[in-house]
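Report on the structure given below.
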Amino acid sequence: MIYSMTGYGKSVLQLPTKKITIELKSLNSKNLDLNARMPSIYREKELSIRKILADKLVRGKVDFSIYVEATAEDTSTQINTPVVKQYMEQLRAIINGDDVELLKMAVRFPDAVSTVREEINEDEWKAVGEEINNAVDDLISHRLNEGTVLEEDLKTRVAIIGNILEQVIAMDPERIEGVRERLLRGVEELKEKYDENRFEQELVYYIEKFDITEEKVRLKNHLNYFMESINSEDSNGKKLGFISQEMGREINTIGSKSNYAPMQQLVVQMKDELEKIKEQLLNVL
């Protein structure tokens, strides 16, 4: 089972005087890259929020937002009445004007309005904390759905590489025989006498240099290990990435040793599928 690092989560909390919306967006990243946006009233809880997100989301570029929308006649901004009255008295001593005009001028001066700093309510924060967890769970659900699609694609491509490897294995005796015939033909074209025993020894040595038995066995083991890791309970994109690197190493070695055009064509096909696997793994948690 694997999880994608791409996902979206949302939760809405309706309180008597406000509506609080919590949103989470996640993209792929090597580590946890968290960007948090929230009203100042919740800033003192930012470390707690980051810990919740880090524990549950592990990796990814995560955008976390809290939006607060007032739904009742409740405001933290108030007119500073004594200051406004004092401004009006001072203005009245300077110019003639009715109270409405003086009031329009007075409210533009410093300290005419004041903002009362809201204190976080613990009951409200408890409810907000629950909604944050709900939004995270929603994002994780999206990650699992995306991961299911990724998993099917990865399994398909690994199976394709496995099928091509079987073709390589079936072709190998033909390749070795072809190498032997080319060497023998080359020696005969020299029209020189040669020691057949010595030639056979050199031929064995040469063919051993191009033997790919170990690479075929190791590649098959890596393919099996990759499938076992996908089917495990944990989603570990980094581990799958390391296995894919080992797969690439064996495929490249088979290609460099093959010295046989039909086999090299199969190697190119395996490389193409492996590159697509590596691209998909960039998004696996």
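Using this note's numbering, the letters of the sequence shown map in sequence onto residues 65 to 349.
We put the beta carbon where it would ideally sit given N, CA and C, even for glycine.
Computed from a predicted model, the values in this text were never measured in an experiment.
Where residue i falls, given that 16 or more other Cβ within 10 Å makes a residue buried
{"i": "N347", "result": "buried"}
{"i": "M65", "result": "exposed"}
{"i": "Q344", "result": "buried"}
{"i": "R123", "result": "buried"}
{"i": "V213", "result": "exposed"}
{"i": "Y200", "result": "The sequence given here places Val at residue 200; Tyr does not occur at that position. Classification of V200: buried, given that the 10 Å Cβ count is 16 or more."}
{"i": "S104", "result": "exposed"}
{"i": "V281", "result": "exposed"}
{"i": "L349", "result": "buried"}
{"i": "I204", "result": "buried"}
{"i": "T70", "result": "buried"}
{"i": "Y269", "result": "exposed"}
{"i": "S112", "result": "exposed"}
{"i": "L248", "result": "exposed"}
{"i": "E241", "result": "exposed"}
{"i": "E165", "result": "exposed"}
Limits of the beta strand (DSSP E) - the one that residue i falls within
{"i": "A100", "result": "L96 to R101"}
{"i": "E278", "result": "Element bounds for E278: not the beta strand (DSSP E) but the alpha helix (DSSP H), T277 to I294."}
{"i": "L133", "result": "At residue 133 the sequence reads Glu, which differs from the Leu that was named. Here the beta strand (DSSP E) through E133 covers G124 to A134."}
{"i": "Y72", "result": "G71 to Q78"}
{"i": "E87", "result": "K82 to L91"}
Proximity to residue i [Cα-Cα], best of the options
{"i": "N144", "options": "G161, L167 and D163", "result": "L167"}
{"i": "K190", "options": "F173, Y106 and D119", "result": "Y106"}
{"i": "K120", "options": "N197, K219 and Q78", "result": "N197"}
{"i": "A170", "options": "L88, Q154 and E108", "result": "Q154"}
{"i": "V222", "options": "L287, E133, V332 and I318", "result": "L287"}
{"i": "I116", "options": "V132, L98 and E133", "result": "L98"}
{"i": "D217", "options": "E339, F274, P174 and L247", "result": "E339"}
{"i": "R246", "options": "I228, K284 and L267", "result": "L267"}
{"i": "K82", "options": "N209, M327, E188 and E297", "result": "E188"}
{"i": "D127", "options": "V147, L96 and L248", "result": "L96"}
{"i": "K284", "options": "K89, I130 and I318", "result": "I318"}
{"i": "V25", "options": "Y151, D163, D162 and Y131", "result": "The displayed coordinates of the chain run from 65 to 349. Any statement about residue 25 would go beyond what the structure contains."}
Contact belief for residue i with residue j at Cβ below 8 Å, rounded distance in angstroms
{"i": "V331", "j": "I315", "result": "6 Å"}
{"i": "E87", "j": "I225", "result": "Actually they are not in contact, since the Cβ atoms of E87 and I225 sit about 39 Å apart, beyond 8 Å."}
{"i": "E195", "j": "L77", "result": "5 Å"}
N-terminal and C-terminal residue of the alpha helix (DSSP H) that residue i is part of
{"i": "G319", "result": "G301 to S322"}
{"i": "M65", "result": "Here M65 belongs to no alpha helix (DSSP H), and DSSP marks it neither H nor E."}
{"i": "E153", "result": "T145 to I158"}
{"i": "S104", "result": "No alpha helix (DSSP H) holds S104; DSSP gives it neither H nor E."}
{"i": "L121", "result": "E110 to L121"}
{"i": "L338", "result": "A325 to L345"}
Please give the ranges of any beta strand (DSSP E) in the segment 173 to 259, keeping only runs that are unbroken, at least 3 residues long and fully inside the region.
Listed in chain order, the complete beta strand (DSSP E) runs (minimum 3 residues) inside the segment 173 to 259 are 177 to 179.
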